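Engineer: The numbering of the sequence shown is this note's numbering, which starts it at 3 and goes up by one.
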Amino acid sequence: MTALKKIDDGLWVVDAPMVFCGLHIGTRMTVVRLPDGGLWLHSPIDAAPDLVAEITALGPVRFIVAPNLWHHLFVASWQAVAPDAKTYVASGLLKKRPALHADEVLADVAPAEWADTLDQVVIKGMPKIGEVVFHHRPSRTLLLTDLAFNFQHERPWFTRTMTRLLGQVGTLAPTVFERLLTRDRDALAASLEAVLSLPFERVVVTHGDIVERGGREQLSAGYQWALRSRATA
Numbered sequence: 003m004t005a006l007k008k009i010d011d012g013l014w015v016v017d018a019p020m021v022f023c024g025l026h027i028g029t030r031m032t033v034v035r036l037p038d039g040g041l042w043l044h045s046p047i048d049a050a051p052d053l054v055a056e057i058t059a060l061g062p063v064r065f066i067v068a069p070n071l072w073h074h075l076f077v078a079s080w081q082a083v084a085p086d087a088k089t090y091v092a093s094g095l096l097k098k099r100p101a102l103h104a105d106e107v108l109a110d111v112a113p114a115e116w117a118d119t120l121d122q123v124v125i126k127g128m129p130k131i132g133e134v135v136f137h138h139r140p141s142r143t144l145l146l147t148d149l150a151f152n153f154q155h156e157r158p159w160f161t162r163t164m165t166r167l168l169g170q171v172g173t174l175a176p177t178v179f180e181r182l183l184t185r186d187r188d189a190l191a192a193s194l195e196a197v198l199s200l201p202f203e204r205v206v207v208t209h210g211d212i213v214e215r216g217g218r219e220q221l222s223a224g225y226q227w228a229l230r231s232r233a234t235a
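1. Could you tell me the distance, in whole angstroms, from the CA atom of Leu146 to the CA atom of Val134?
2. Quick check: the stretch 94-110 against the stretch 72-82, are at least 3 beta-carbon pairs closer than 8 Å?
3. For His137 versus Phe202, is the C-beta distance shorter than 8 Å?
4. Relative to the C-alpha of Thr29, which candidate in Val123, His44, Arg35 has its C-alpha closest?
5. Starting from the Cα of Ala68, find the closest Cα among Asp211, Leu229, Ala104, Pro37 and give me that residue.
6. Among all the DSSP beta bridges, which residues are the ones paired with Ala18?
7. Tell me the start and end of each unbroken beta strand (DSSP E) in the stretch 70-129 that is at least 3 residues and wholly inside, in chain order.
8. What number of angstroms, rounded off, separates the C-alpha of Pro51 from the C-alpha of Trp227?
9. Using the Cα positions of Arg187 and Gly127, report the straight-line distance between them to the nearest angstrom.
10. In terms of residue numbering, what span does the alpha helix (DSSP H) encompassing Thr58 cover?
11. Whether or not the stretch 114-122 and the stretch 52-61 are in contact is what I'm after, with contact meaning three or more pairs of Cβ atoms, one per stretch, closer than 8 Å; do they touch?
12. Is the Cβ-Cβ distance between Gly224 and Pro176 less than 8 Å?
13. Return the bridge partner residues of Leu43 from the DSSP annotation.
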């Protein structure tokens, strides 16, 4: 696990190793400090004592966010160390994980507690992923989970080979799995158009390297297969 890293005013990330199906893809949690000083945790990683100390030194944890149907494994560990925090989860997660406690289900409209800082868009058309995308307005930063990846740095040979075969070729883009898991391309395209209308430049992905510039253009190019079908319908 890396140390907490500040990437903008009120915005931090912390990386942790992750191996999925033999692939070293890593994972990333994002921390946002809201205007009242409370903290908002996106895609939480394990609440290790050293990390908890680093984060709580920034302020009290107010919100724990599981942004899709896959990034929920460490929600309970943060609930244990921040019992007063509210937990928001993607729609469908409680059906998948009925034992998981949650206070609210994420929707297209941001809750009042963070609406002045974060926008959010529910990605429709991919029900097996169920992702909610967030936009940190003050820093023009988009927060993605499994909608797209950006593997740039050196990784083990098997991981490099497989990610290239899956269509992840050194730019911000989805893999072939996102195509295969799409059930309604028009609904996906409409969601993507809402995301692309947001004024972001940087993109923080959960797997891969942060995109500092040109994030909107790269995301749009990676999803032309969906956007084009809506444009020609």
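We put the beta carbon where it would ideally sit given N, CA and C, even for glycine. Owing to the predicted nature of the structure, the values given are computational and were not obtained by experimental measurement.
Structural biologist: Let me lay it out:
1. Reading the sequence shown from its first residue, position 144 is the one you call residue 146. Reading the sequence shown from its first residue, position 132 is the one you call residue 134. Each residue's alpha carbon lies about 8 Å from the other.
2. yes
3. One-based indexing of the sequence shown puts residue 137 at position 135. One-based indexing of the sequence shown puts residue 202 at position 200. Yes, they are a contact pair.
4. Residue 29 sits at position 27 when you count from the first residue of the sequence shown. Out of Val123, His44, Arg35, the CA that lies nearest to the CA of Thr29 is found in His44.
5. What you label residue 68 is simply residue 66 of the sequence shown in a count that begins at 1. Here the closest residue by C-alpha is Ala104.
6. As a position in the sequence shown, residue 18 is number 16, starting the count at 1. In the DSSP output, where bridge partners are listed per residue, Ala18 has Thr29.
7. 88-91, 120-124
8. Counting from 1 along the sequence shown, the entry for residue 51 is found at position 49. Counting from 1 along the sequence shown, the entry for residue 227 is found at position 225. If you take the alpha carbons of Pro51 and Trp227, they lie about 44 Å apart.
9. Numbered from 1 along the sequence shown, position 185 holds the residue referred to as residue 187. Numbered from 1 along the sequence shown, position 125 holds the residue referred to as residue 127. Spanning the two alpha carbons is a distance of roughly 6 Å.
10. Working through the sequence shown from its first residue, we reach residue 58 at position 56. Segment 51-58, the alpha helix (DSSP H) holding Thr58.
11. no
12. Walking along the sequence shown from the start, residue 224 turns up at place 222. Walking along the sequence shown from the start, residue 176 turns up at place 174. Cβ distance < 8 Å, so Gly224 and Pro176 count as in contact.
13. Taking the sequence shown and counting its residues from 1, the one referred to as residue 43 is at position 41. Answer is Val33, Ile66.
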